[in-house]
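**Q** The letter at position 13 of the sequence shown is residue 13 when you use full-length UniProt numbering, and the numbering goes up by one with no holes. Yeah, the Cβ is synthetic: ideal placement off N, Cα and C, and Gly gets one too. Source: prediction; values computed, not measured. Here it is: the structure, laid out below.
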Amino acid sequence: MDILLSTNHAEKVAVVPIIGIGGLGKTALAQLIYNDLGESSGFQIKIWVCVSNNFDEKLLVKKMLECVTKEEVKDLELGTLKHKLKEEMESKRFLLVLDDVWDDDVDLRNWDRLRDFLLGVATVGSRVIITTRIGEVAERMASSGIKPQELQGLPEKESWDLFEMIAFHGEEGRGEVHVKVAKEIVNKCVGVPLVIRAMAGTLASKKHVDDWVTIRDKQVMIGMHDKQQGILATLRLSYDNLPSHLRHCFAYCSLFPKDYNIVPETVVQLWVAQGYVDDESGEYFRSLLSRSFFQEGENDTSGNVSYRMHDLMHDLAVIVAGEESFTLDVLNLTAAIIRLDKAKVDKLRHLSFDFAGKSERKNLAIPTCLLKEATRLRTFWLTNIPDGGFSLGESEWQQRLIFSYMTRLRALSLRSGRMKSIPTCIYKLRHLRYLDLSDNDMETLPDEITRLVNLQVLLLEFCSYLRELPSDITKLPDLSVLGLDGCTSLTHIPVGIHRLCRLHRLNLFVVAVEGNRAARISELNRLGNLGGNLLIRGLELLEDKCEAEEANLEEKNMIRSLVLEWDSRTSSNGAADEMVLEALRPNANLEQLWLGGYSGTKLPSWLSSLTSVVSIQLGRCGKLRILPAFDPFVSLADLRLVNLPNLQYILVGTPLTLSSSSSAAAAAAFLPSLQSLEIRGCPNLERWATEETEYVPKSIFPSLSKLVIEHCMKLVHIPPLSAHVEHVELGKVTSELVVKLATALPPPPLTEAELTTTAAHSVLKSLRLQGISGTELLPQQLLPHLTSLHTLSIANCQDFITLSPAMPYLISLQKLSILDCCAFGSFDRGDGVSGESAVLPACGFPSLHYFYISWLPKLGSLPEWLQHSPNLKELKIVKCDGITCLPHWLAKLTALESLELNLCFELSQRCRSSEAEDWPNVAHIKNLKLSDHEPSSLGGRTRPSLCDQIQQCVYLPIMLCVLACAVRALQHRARN
């Protein structure tokens, strides 16, 4: 850990390898370090990239950029990706983890190029952790003077504790024979946690000691002469002791590439399509998970959990799948096809294409020569499809040819193909049970698709051009999943949808007036198995309360998320909307509720019955005036109120119809589980309670961590906030509300000693103020509450002229931004604290490392206290014409690594060369960016000097003369 935290290493980017055999916990150790080292450890950016056996420079840079920006990055040229990543990482101290590096090429040229790039953007103290099984890789990538950290197995006691916890479930009273045999088995696991967990999971389901003895004896026969192969063989024992149906399920997962995020619902659907599983309950997946064949992976933005296979488990899956399954690496297509000789292709049942690292559309054609031989394929799967899509034959006859080869398919994925039409010959795939056409560009589906009578899963998600479904889709008797999420152009659902009696996933229903073609909402009544997420769109067309009641949503206890949408542009009948919404009463088990475009004046009476709800969003509900108190929602974690122009009151603590125990809980705390509260676009919101409030809870939002209030100009009060609030955004609100934030936050520490105690004071980390008018400076009474503040951003506050005398209270401040404040002219009044309550020195901010000012035309100089900020690393000035020179003390800020001057012409001229007036003040800064245009991408030091420009001008006439002579020669030749 010392080498990671120290900044004294000779190389500013030190590489620390962690080496060990598979299953020892290299990734787990790296994750612990990664999670433990935050901004408080000095790392401003943390990046995690899974590498595996594809150390491709472009792919790694793309993954790094996605990790930094938290956004999916389109396929771009390597130079563009590097430029974008440089903008994010430059002059910042970063921690990069390259997990599971397999490339044992002695040159490792891709690593050399990536390392050079990192050295060019990093600041001193940046670190790279790599995990690998290969000693040569560790030695080659390690920085000089750093010895690779080699992991050993768990000690005997810890190995036994782990095994006992899983195999015995913490139970006492297992027989002595069980324990004796178990300890012999654990000793053979050589301290490898993955093997211990797998063996313990296997034995947990076997109660007879004879079964344990059998496994022990087989384990003894394996031996551990080659430790890595011995571990695989031991894991094979766990596989061999699975029930036959689970063995098939596990082997099938060799279809996915390493480090692939496996979504349980998807993989179970594929198992069902192959006949390995009878239902989609997920019981088989949980059985494999409990035996450590899967590991928990990541959560997506919706909170859904995905899983991964450990590399050793993936190796085992490939071994046991044998020649029936193959993943074709499109990056090395030729070599992969050579590996599949004709005999192997004939045995092939499951084929996947991994497009990771490919971006050129012209090279993304499916090799038809391979498919011609693979006539017994049951699965055709595509992963890591780039934005350009792929080519499934250049013409319809080629597509027909491809489909004619795959007539035995049971699962077909053509996701993200950018296909504008689906070949009509798809009907030939009569055994097809799983079909994924998501993220394609077709407007309609061929009627022939309804001839796939065995189809169980049809996914059309994010087909944004799709206008309608085939009318006979209701004749697919086995269809259980119809995925329509993101089909924004869909006009209606075909009439007769209720005939799909096995349907349990329908995430979109469109209410429409299409004569005999469109299904009525009452058809949902007979779809009794519906669950998961459901969006009902077009409710402005529904005015019949009885028909809405016939949907019978209350009986659908497996629906977890419900979105009800009206088109607010055409919905004006508030009374009808109220009747319809009242009739669409959901089941009390609902976890998420979103209402959009609703024109009623009140919310439905059934709202208080949703005691399990964790997320509520109300948006574009133009006539709502009063929101009832949300007292019953003891589990509510996320509340969003967006664009409610007539909302006036939010009741706090007014009793609803509750049981006595619920009433007592509500009185004790209002919304006790709420973590995020966002109120945006509520210009008439005045207060949180009416005069009729019967009681006030003892605490409000006790678990709140994020508060956002924007465009609420009449709101002048904030309820008392808990000490857990870490992030506050106030935008387009009154200055009075900003002042009230001081009284809403917990009391500030009164003495210096209290700053280090655990007393309940504010831990606010981030404060953003935008568009605040009517005040000239930050409220002095607010800042003493902000001793834990890391980030302060002030933007578009046109009346601000300075900060506050109480600024020195911000002893933890790391980032300060002041943007677009046209009246802001001085920092002077922020240089000291007046009054006896001052407990902090009138100096700079010792933790400040980022200072950004933009469009402050009246500001004449940088603040004097900035010279007392020794850790300042990045200074950015944009369009501050009043600053005409840089102070001499800037040269004393030795930690300053980046200075950016944008649209500051006079200031930039003073820093352009060694002869310029301010050069002595900036000569020590490594990254000096000077630009007269936005965005800033030109480096001032790479710009040609004045002498160079003059010299270029001297040669320009000569070049023009040569060009003119060449043109005349060509014209003469043309005439002759």
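List the endpoints of the continuous beta strand (DSSP E) containing TYR276.
**A** Residue numbering aside, residue 276 sits at position 276 when the sequence shown is read from its first letter. Run containing TYR276: none; DSSP gives neither H nor E here.
**Q** Is SER936 helix, strand or coil when you go by DSSP?
**A** Residue 936 sits at position 936 when you count from the first residue of the sequence shown. Unreliable placement is indicated for SER936, whose pLDDT of 37 sits below 50; the coordinate value is still reported in the next sentence. DSSP places SER936 in coil when its eight states are reduced to three.
**Q** Based on the DSSP output, what are the partners of GLU150 in its beta bridges?
**A** For the purposes of this step, residue 150 is taken as residue 150 along the sequence shown, with counting starting at 1. Answer is ILE19.
**Q** Quick check on the burial criterion: 16 or more other C-beta atoms within 10 angstroms. Buried or exposed for GLU897?
**A** On the sequence shown, residue 897 is found 897 positions in, with the first residue counted as 1. Buried, by the Cβ-count rule.
**Q** LEU581: which of TYR34, LEU553, CYS880, GLN781 sits nearest, CA to CA?
**A** Taking the first residue of the sequence shown as 1, we reach residue 581 at position 581. Here the closest residue by C-alpha is LEU553.
**Q** List the whole-angstrom C-beta distance separating GLN592 from ARG560, where the pair is believed to meet the contact cut-off of C-beta under 8 Å.
**A** Position 592 of the sequence shown, counted from the start, is the residue given in the question as residue 592. Position 560 of the sequence shown, counted from the start, is the residue given in the question as residue 560. Contact between GLN592 and ARG560 holds, since their C-beta atoms are separated by about 7 Å, short of 8 Å.
**Q** Could you check which residue in LEU29, LEU866, LEU401 has the C-alpha nearest to that of GLU150?
**A** Residue numbering aside, residue 150 sits at position 150 when the sequence shown is read from its first letter. Of the candidates LEU29, LEU866, LEU401, the one whose C-alpha sits nearest the C-alpha of GLU150 is LEU29.
**Q** May I have the straight-line CA-CA distance separating GLY25 from ASP311, to the nearest angstrom?
**A** In the sequence shown, the residue the question calls residue 25 occupies position 25. In the sequence shown, the residue the question calls residue 311 occupies position 311. Going by the C-alpha atoms only, they are around 12 Å apart.
**Q** Using 8 Å for Cβ pairs, my map puts VAL716 next to GLY681. What's the rounded Cβ distance?
**A** Numbered from its first residue, the sequence shown carries residue 716 at position 716. Numbered from its first residue, the sequence shown carries residue 681 at position 681. So it is not a contact: roughly 17 Å between Cβ atoms.
**Q** Which value, in whole angstroms, describes the spacing of the CA atoms of VAL453 and ASN261?
**A** The residue you call residue 453 lines up with position 453 of the sequence shown. The residue you call residue 261 lines up with position 261 of the sequence shown. So the two alpha carbons sit approximately 30 Å from each other.
**Q** Report the rounded CA-to-CA distance for LEU382 versus ASP638, giving the unit in angstroms.
**A** Position 382 of the sequence shown holds residue 382. Position 638 of the sequence shown holds residue 638. Near 36 Å, if we compare the C-alpha coordinates of ASP638 and LEU382.
**Q** Could you give the distance in angstroms between the alpha-carbon of ARG216 and the alpha-carbon of ILE422?
**A** The residue given as residue 216 occupies position 216 in the sequence shown. The residue given as residue 422 occupies position 422 in the sequence shown. Straight-line Cα distance between these residues: approximately 55 Å.
**Q** Kindly list the residues whose CB is nearer than 6 Å to the CB of LYS545, restricted to its own chain and excluding five residues on each side of it in sequence; keep chain order.
**A** Along the sequence shown, one-based indexing puts residue 545 at 545. Answer for LYS545: MET579, ALA583, listed in chain order.
**Q** Would you call the region 877-892 in contact with the region 50-66, where contact means no fewer than 3 C-beta pairs closer than 8 Å?
**A** no
**Q** For ALA251, is the classification buried or exposed, using 16 other Cβ atoms within 10 angstroms of its Cβ as the cut-off for buried?
**A** Mapped onto the sequence shown, residue 251 falls at position 251. It is buried - the Cβ of ALA251 has at least 16 other Cβ atoms within 10 Å.
**Q** Would you kindly work out how many angstroms separate the C-alpha atoms of GLU543 and VAL733, rounded to a whole number?
**A** Counted from its first residue, the sequence shown places residue 543 at position 543. Counted from its first residue, the sequence shown places residue 733 at position 733. Straight-line Cα distance between these residues: approximately 38 Å.
**Q** If you draw a straight line from the alpha carbon of PHE630 to that of VAL652, how long is it in whole angstroms?
**A** Here the question's residue 630 lines up with position 630 in the sequence shown. Here the question's residue 652 lines up with position 652 in the sequence shown. Computed Cα separation, rounded: 8 Å.
**Q** What are the partner residues of PHE326, as DSSP defines its beta bridges?
**A** Position 326 of the sequence shown, counted from the start, is the residue given in the question as residue 326. Answer by DSSP bridge pairing, in chain order: LEU351.
**Q** Classify GLN152: buried if its beta carbon has 16 or more other beta carbons within 10 angstroms, exposed otherwise.
**A** On the sequence shown, position 152 is the one that residue 152 refers to. Exposed: under 16 other Cβ atoms inside 10 Å.
**Q** Assuming LYS63 and LEU78 are in contact, meaning their beta carbons sit under 8 Å apart, how far apart are those beta carbons, in whole angstroms?
**A** Reading the sequence shown from its first residue, position 63 is the one you call residue 63. Reading the sequence shown from its first residue, position 78 is the one you call residue 78. Not confirmed; about 13 Å, so no contact.
**Q** Using DSSP's beta-bridge definition, name the partner residues of GLU900.
**A** Stepping through the sequence shown from its first residue, residue 900 is reached at position 900. The partner list for GLU900 (beta bridge, DSSP) reads LYS876, LYS929.
**Q** If we require 4 or more residues per run, which alpha helix (DSSP H) segments fall completely within the region 58-143?
**A** 78-89, 109-121, 135-141
**Q** How long is the line joining the alpha carbons of residue 1031 and LEU288, rounded to whole angstroms?
**A** It is not possible to answer for residue 1031, since the shown part of the chain is limited to 1 through 976.
**Q** Which residue's Cα is closest to the Cα of CYS797: GLN780, THR69, LEU813, GLU776?
**A** The residue given as residue 797 occupies position 797 in the sequence shown. Nearest option by C-alpha distance: GLU776.
**Q** Is there contact between the region 196-208 and the region 154-171, where contact requires at least three CB pairs shorter than 8 Å?
**A** yes
**Q** Decide if the region 230-237 is in contact with the region 416-433; the criterion is three or more beta carbon pairs, one per stretch, under 8 Å apart.
**A** no
**Q** With a CB to CB cut of under 6 Å and the five nearest residues on each side skipped, what residues in its chain are close to SER660?
**A** Counted from its first residue, the sequence shown places residue 660 at position 660. Residue confidence is low: SER660 scores 41 on pLDDT, short of 50, so the model does not pin down where it sits. No coordinate-derived value is stated.
**Q** Using DSSP with H/G/I as helix, E/B as strand and the rest coil, what is PRO563?
**A** By 1-based counting over the sequence shown, the position of residue 563 is 563. A quick correction: the sequence has Val, not Pro, at residue 563. Three-state DSSP puts VAL563 in a strand.
**Q** Let me know if THR787 comes out buried or exposed under the rule of 16 or more other beta-carbons within 10 Å of its beta-carbon.
**A** What you label residue 787 is simply residue 787 of the sequence shown in a count that begins at 1. Counting Cβ neighbours within 10 Å, THR787 comes out buried, since at least 16 surround it.
**Q** Report the residue from ARG620, PRO672, SER599, PRO604 whose alpha carbon sits nearest the alpha carbon of VAL614.
**A** As a first step, residue 614 is located in the sequence shown; it is residue number 614 there, counting from the start. Answer by Cα proximity: PRO672.
**Q** Write down the C-beta distance between PRO907 and LEU901 rounded to the nearest angstrom, noting that I regard them as a contact closer than 8 Å.
**A** Here residue 907 corresponds to residue number 907 of the sequence shown, with the count starting at 1. Here residue 901 corresponds to residue number 901 of the sequence shown, with the count starting at 1. The question names Pro, yet the displayed sequence has Leu at residue 907. Between LEU901 and LEU907 the Cβ distance is about 5 Å, and since that is below 8 Å, they are a contact.
**Q** Mind checking whether LYS765 and GLU710 have CB atoms under 8 Å apart?
**A** The residue labelled residue 765 in the question sits at position 765 within the sequence shown. The residue labelled residue 710 in the question sits at position 710 within the sequence shown. No, these two residues do not count as a Cβ contact at 8 Å.
**Q** Could you check the C-alpha separation between ASN516 and PHE353 for me, to the nearest Å?
**A** Sequence index remark: in the sequence shown, residue 516 carries index 516 (1-based). Sequence index remark: in the sequence shown, residue 353 carries index 353 (1-based). Whole-angstrom Cα-Cα distance: 43 Å.
**Q** At which residues does the alpha helix (DSSP H) containing LYS545 begin and terminate?
**A** Within the sequence shown, the letter at position 545 stands for residue 545. Unbroken alpha helix (DSSP H) run through LYS545: 545-550.
**Q** Kindly identify the DSSP beta-bridge partner or partners of MET558.
**A** Working through the sequence shown from its first residue, we reach residue 558 at position 558. Paired residues: GLY531.
**Q** As an exercise, report each continuous alpha helix (DSSP H) stretch of at least 4 residues that is fully enclosed by the region 157-188, in chain order.
**A** 176-187
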